[in-house]
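Enquirer: My structure is below; once you've seen it, I'll send some questions.
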Amino acid sequence: MPSYTLYYFDLDARAELIRLILAYAGIEYKEVNYSFQDWPQAKAKFPFQAIPVLEVDGKQIAQSGAIVRYLARVAGIEGKTTDEKAKADMYTDTFTQDIVEKAYQHRIPFFEADEEKRKEKAQVFLKEKLIPFCDQLEETYKKNGGGPWFCGETFTVADLAYFRMINNVMDLVQQIPTPHPEIRANYERTAKIPRIAEYQKNKKERPF
Amino acid sequence: MKLTYFNGPVRAELIRLVLVQGGIEFEDFRFEFNDWPKVKEEGDFPFKQVPVLETNGLKLCQSRVIVRYAARLAGLAGKTSEEEAMSDMLVVAMEDDILEKYWQCIFFEKDPEKKAELQKTFKEEKVPKFLDNIDKLYQKSGGDYLLGNSISYADLAYYRMINAIKSLTGDDIGSERLKGLYQRVAALPRIVNYEKTKPKPAF
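Quick mapping for you: the protein sequence lines, in order, are chains A and B. In this text, residue positions in the first sequence follow my numbering: the first is 1, and each later residue adds one. In this text, residue positions in the second sequence follow my numbering: the first is 1001, and each later residue adds one.
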């Protein structure tokens, strides 16, 4: 069993999906967190001076996307065929890039210091991005046969990525007027997976 | 197999290079800007974005996803999981740390003062630092290519990245070793042929 160390800040942000995959697969790992004060000195030891980085038996993998895909493979949830892998990849990237990354703009004080303005931006994000996105996703999900997973019969990292995405914008999701029963059911299904339920129960509450 | 995108490089060029180098037959469908609404409507694309790759009933969007899929088909994604992760990491880094920043300071930033500032920082700080990081990893790999002895889509991505940014930085950038890598990719027969015969981009 290789030894894994995850280096990141004490935040959900770009490490949370990585943590979910590790939890799903029951993989033991060490986590090293940097404070914002310690980070400038620590940067130099990483390939692109950025984190998260996953160290596997001493070999460093940078870029959260690359780490997610690598662990999905290790965990056996990248998809079974080349086509499934691509589909899982597509959903994971879309959930992460189109929603989670964009949500930082209204969630993180670094991007918007004024709390009132953040609340306004969140509402704009809800109306212009999140609602159309969920409407479209519900359609696509139905068109693909309604699951149970994003890749049909096969559970993949895409389902964990969706779970992470919803958790990231849960306060806004709860304000969506039209129900999206299919994708809601997918979320509940993932939430009930024993290792995921356990992880969420013990999870540290973080600002983002 | 059909790739749909604007008649330009931006988010489709690496896909094209990977398919070409892999010797994979595909229709390189390019449309003009004005036709985008019609193409979007008729295409029924997932998430309504391009590039889109259609093959055997599969419709894929997200340029990075398509690149990865194409690289696997082409046998250019490394031989082990670790090699695949390394090539993945390199390609994503080139996109995020350089290409996205390049497009930001060339196109997306509209304020002329901010634009000039971003371009300066890009040329003088971001690019040299990034190339230094790549060079270190390249040295560690101990071979002719970024992963070592076999070519991967990370090498094609490096070639593509230099081609994209050289209008701002010139192409005399990077270590001698990296310049050698660029030349090696540029000299690949399928790449030479692609560059010679590709349609002239609208932008």
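Glycine is no exception: its CB is placed at the ideal position from the N, C-alpha and C atoms.
Would residue 190 of chain A and residue 208 of chain A be called neighbours here (beta carbons separated by less than 7 Å)?
Expert: The answer is no: Cβ separation not under 7 Å.
Enquirer: Would you mind stating whether residue 88 of chain A and residue 168 of chain A have Cβ atoms separated by less than 7 Å?
Expert: No, the pair does not count as a contact, with Cβ atoms beyond the cut-off.
Enquirer: Which residue's Cα is closest to the Cα of residue 31 of chain A: A:47, A:41, A:10 and A:38?
Expert: Considering only alpha carbons, the answer is A:10.
Enquirer: Can you give me the C-alpha to C-alpha distance between residue 1120 of chain B and residue 1169 of chain B, rounded to a whole angstrom?
Expert: So the two alpha carbons sit approximately 10 Å from each other.
Enquirer: Using a C-beta cutoff of 7 Å, does residue 1044 of chain B count as contacting chain A?
Expert: Judged by the 7 Å Cβ criterion, residue 1044 of chain B is not in contact with chain A.
Enquirer: For the putative contact between residue 1063 of chain B and residue 1134 of chain B, defined by C-beta atoms under 8 Å, what is the C-beta separation to the nearest angstrom?
Expert: 20 Å between Cβ atoms; not a contact.
Enquirer: For residue 1086 of chain B, count neighbouring C-beta atoms within 10 Å of its own C-beta (all shown protein chains included) and say buried if the count is 16 or more, exposed if not.
Expert: Buried, since its Cβ has 16 or more Cβ neighbours within 10 Å.
Enquirer: Is the distance from the Cβ of residue 1171 of chain B to the Cβ of residue 1130 of chain B below 7 Å?
Expert: No; because the gap between Cβ atoms is not below 7 Å, this pair is not in contact.
Enquirer: For residue 198 of chain A, tell me which candidate among A:6, A:13, A:19 and A:14 has the shortest Cα-Cα distance.
Expert: With distances taken between Cα atoms, residue 198 of chain A lies closest to A:19.
Enquirer: So within the stretch 34-72 of chain A, which uninterrupted alpha helix (DSSP H) runs reach at least 4 residues, ignoring any that extend past its ends?
Expert: Taking only runs of at least 4 residues, the alpha helix (DSSP H) segments lying wholly in the stretch 34-72 of chain A are 39-42.
Enquirer: Within the same chain, show all residues whose beta-carbon is closer than 6 Å to that of residue 165 of chain A, passing over the 5 residues directly before and after it, in chain order.
Expert: If we look at residue 165 of chain A and ignore the five residues flanking it on each side, its Cβ neighbours are 95, 99 and 100.
Enquirer: Mind listing which residues of the stretch 1140-1159 of chain B have their C-beta closer than 8 Å to chain A's C-betas, in chain order?
Expert: If the cut-off is 8 Å between Cβ atoms, the stretch 1140-1159 of chain B has nothing near chain A.
Enquirer: Step through the CB atoms of chain A and report whether any lies within less than 7 Å of the CB of residue 1081 of chain B.
Expert: Closer than 7 Å to some Cβ of chain A, the Cβ of residue 1081 of chain B qualifies, so yes.
Enquirer: Please report the straight-line C-alpha distance between residue 1077 of chain B and residue 1071 of chain B, rounded to a whole angstrom.
Expert: Looking at the two C-alpha atoms, the distance is approximately 5 Å.
Enquirer: So, at 6 Å on beta carbons, what are the nonlocal neighbours of residue 42 of chain A in its own chain, with the 5 sequence-adjacent residues on each side left out?
Expert: The residues are 34.
Enquirer: Which residues in the same chain have their Cβ closer than 6 Å to the Cβ of residue 48 of chain A, if we skip the five residues on either side of it in sequence?
Expert: Excluding residues within five positions, the ones whose Cβ falls inside 6 Å are 62.
Enquirer: Three or more beta-carbon pairs under 8 Å between the stretch 125-138 of chain A and the stretch 56-73 of chain A, yes or no?
Expert: No: fewer than three Cβ pairs fall under 8 Å.
Enquirer: Along the chain, where does the beta strand (DSSP E) that runs through residue 1132 of chain B open and close?
Expert: First-last for residue 1132 of chain B: 1127-1141, but that is the alpha helix (DSSP H), not the beta strand (DSSP E).
Enquirer: Residue 1088 of chain B versus chain A: which residues are under 8 Å apart at the beta carbon?
Expert: Those are 63, 65, 66, 69 and 70, listed as they occur along chain A.
Enquirer: Are the beta-carbon atoms belonging to residue 1132 of chain B and residue 1146 of chain B less than 7 Å from one another?
Expert: Against a cut-off of 7 Å, the Cβ pair of residue 1146 of chain B and residue 1132 of chain B comes out as no contact.
Enquirer: If you count every other CB in all the chains shown that lies within 10 Å of the CB of residue 1180 of chain B, and 16 or more means buried, which is it?
Expert: Residue 1180 of chain B should be labelled exposed.
Enquirer: How would you call residue 1151 of chain B, buried or exposed, if buried means at least 16 neighbouring beta carbons within 10 angstroms?
Expert: Classification for residue 1151 of chain B: buried.
Enquirer: Using a beta-carbon distance below 7 Å, is residue 1065 of chain B in contact with chain A?
Expert: Answer yes: the Cβ-Cβ gap between residue 1065 of chain B and chain A drops below 7 Å somewhere.
Enquirer: For residue 8 of chain A, which residues from the same chain have a beta carbon less than 6 Å from its beta carbon, with the 5 sequence-adjacent residues on both sides left out?
Expert: Only 15, 51 and 52 meet the Cβ criterion.
Enquirer: Pick from A:186, A:173, A:70 and A:140: whose alpha carbon is nearest that of residue 154 of chain A?
Expert: When only C-alpha atoms are compared, the closest one is A:186.
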